[in-house]
Each structure stands twice: as structure tokens, then as C-alpha cells.
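Heads up: the sequence shown begins at 10 in our numbering, then just goes up one per residue.
We put the CB at the ideal spot given by N, CA and C, even for glycine.
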Amino acid sequence: MRTAFLLLTLSVPAAAQTLEQAGSFNFASMLAAQKAILRASLPAAEARRLVKAKLAGSGVPEAYVDSVFDDPRSRLFPEIPPKFGTPTAPVPPTPYDQYRKYFVTPANLDAGVKFIRDHRALLASIEASYHVDGTLLVGLVCVETRYGTAAGRYPVFDALNTIIQGVPQRSDWAAREAAVFLKMTYAQGQDAHGVLGSYAGAFGFVQFMPTSYERVAVDFDGDGFRRLNEWPDALASAANYLARSGYRAGDPFTPASSIGRSLRSYNHNDNYVQVILDLRDELLKRNP
């Protein structure tokens, strides 16, 4: 999932974000990039102040916020700020045939068939509760995180803190997302540095931003927590998101229908919408 105002690069699902940055910085270039961030950034103390301001009245103690910022595991990722840069020339869209080949593969379809068989009762229960097609949800989690196997490699708090400090034009937005994220980890007793996600801060099997989590995530298994790394909550939360975005059961599975529009609200990318619809069709052929 990506928020509407983020740059075009954020329309790439977590599963499609290659790891070209991983290991690509030698020590000298890493230091240079880190210095560049610091030159153009908000001071660390200002980042902390912004997040605390967003948490005012939330019940999250300032001492908790300080403990997260001061944790020795905290770090900035110099490869993240350039992803928010403005392209010097228009970026041509990826041709759909090329995009489709990345996702509609024999391996993904085989894994999707197995996923449906393993979670058939859960998918049926979610479909009955939210009136959202279960096979469509399987296509969505294939694209977002390869059925939960590629949910991101960045600690979510550190990714958001990097954006606060290193991308000044996004500081207020990232501080809001970081504040909501800390509300979640505090309430659920989670390690704020242990939740991994995308470079933009989306996390979980269905890649919610923290504010989307706060708004639409559900506790479908009734254990008292809304956890997007557990399939009942993750799939039901995605279904709830689509239902709230105008999904109407019985409409055709086309980009122009309410179903297609609800997918577009999840990710504002025409290729994304079409490939999930195509994955649904292919999965139904193999597992009707």
C-alpha cells in the first residue's frame, strides 16, 4: 500500500523492490551519503520533537519515545532519501507486459494455489464477513509481499526517522506516520525496532502504512491485537480496506469497476490493479 501523495517510486510493491541498494555502498560512499543527509536534514533533536508533538495526548509516554530514539540499534539509511527525489525527466511507465511477467509466474501461481488450499477456511470466513473475493486477496498478497515472504528489510521506525531527517519536504508526513507506529508498538508491547517494512514505512503481509493500520486494521482472530504479520488479521484488514474503498460484491473484476477502483485506492498504479485481477483469473483456473 502506498499513500497517494508519495512519489511514483512508491507505487512499487515491497515484493518488487529489488535489493540493488543492499551491499552496493562501499564504506566511503556510505559516509558521503550519510553526510549529504545530515547537510540537508532536520537535526535529530527536531525529529524527536516533531514525533513527540504528534503523540501529544495519545497516552504514549515521552520516556518511551526517548527510549526508541536512543536505542543503540537506531540508524539512518542513506539510500532512502534519494528515492524521494524529483526525477529530472518524466519517468515512462513500465509496459504492462513487462510488469505482468514479474508477477504472473509459474512459481507465484503454484505458491498461490498452495496458499489458497492452506487458508481456504480463513479466506471463506473473511469473504463472508467483508464480501470481498478471497482469491483477489491472494493476488494482492502475492503482489505486495510474495505471500508474506518479502515484507521489507528496513526497520520501520528507522526508515521513517530517516525520512523525517533526510527528506525535509516529507518530514511532517513521516513524523505523523512514525507517531502512529509508536502508538501501535507501545499499545501492543512490540519491539519498535523489530518490525521490518519498506523504505517508505509500509509493513506487514499487506503493506499498510501506520496511519492506514490505525484506520482500518482489524483483529480478525480475536486475540486482542491487530497484527499484520498474522494471516487472519492481515487478510481481513486488506479486505476491510477494499470494502471501505468502495468495493461492491457482484461487480465485474475489471479496472473500471468498483473492485478495480478499490484496488487503485490501495496503490495508485494501473499496472498494479490489472496484475492483481490477472492473478485472480489465473489462480481460479488452477484452483476453482
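Asked                                                                                                                                                                        : Found
Here's the rule: buried if 16 or more other CB atoms are within 10 angstroms of the residue's CB, otherwise exposed. What is P177?                                           : exposed
Could you say which of L146, G143, C151 lies nearest to A116 if we only look at CA atoms?                                                                                    : C151
On the three-state DSSP scale, how would you describe G32?                                                                                                                   : Here G32 scores only 38 on pLDDT, less than 50, and its place in the model should not be relied on; the value that follows carries that caveat. The answer is coil: DSSP assigns G32 none of H, G, I, E or B.
Quick one: measure Cβ to Cβ for Q174 and A56, integer angstroms, because I've assumed they're closer than 8 Å.                                                               : 5 Å
Buried or exposed: which applies to A183, given that a residue is buried once 16 or more other Cβ atoms fall within 10 Å of its Cβ?                                          : buried
Taking all protein chains shown into account, do 16 or more other C-beta atoms lie within 10 angstroms of the C-beta of Q216, making it buried, or fewer, making it exposed? : buried
Expressed to the nearest angstrom, what Euclidean distance is found between the alpha-carbon atoms of Y314 and Y105?                                                         : For the chain, the structure presents residues 10 to 297; residue 314 sits outside this window and is missing.
Report the rounded CA-to-CA distance for T103 versus Y281, giving the unit in angstroms.                                                                                     : 11 Å
Could you spell out where the alpha helix (DSSP H) holding R289 opens and where it closes?                                                                                   : 279-295
Can you say whether E291 is buried or exposed, counting buried as having 16 or more other CB atoms within 10 angstroms of its CB?                                            : buried
Where L288 and G148 are concerned, what is the direct C-alpha to C-alpha distance, given to the nearest angstrom?                                                            : 5 Å
CA-CA distance, G269 and V141?                                                                                                                                               : 12 Å
How long is the line joining the alpha carbons of S33 and A130, rounded to whole angstroms?                                                                                  : Below a pLDDT of 50, predicted positions are generally treated as unreliable, and S33, at 37, falls in that range; no measurement from the model is reported.
Just to confirm before moving on: does the CB-CB distance between L237 and A248 stay below 9 Å?                                                                              : no
I'd like to confirm the pairing. Which residues does DSSP put opposite G4 in its beta bridges?                                                                               : Here the chain has residues from 10 to 297 only, and residue 4 is not among them.
Report buried or exposed for P164, applying the criterion of at least 16 other Cβ atoms within 10 angstroms of its Cβ.                                                       : buried
Since L293 and T144 are thought to touch, with beta carbons under 8 Å apart, how far apart are those beta carbons, to the nearest angstrom?                                  : 6 Å
Give me the Cα-Cα distance between F234 and S246, rounded to the nearest whole angstrom.                                                                                     : 12 Å
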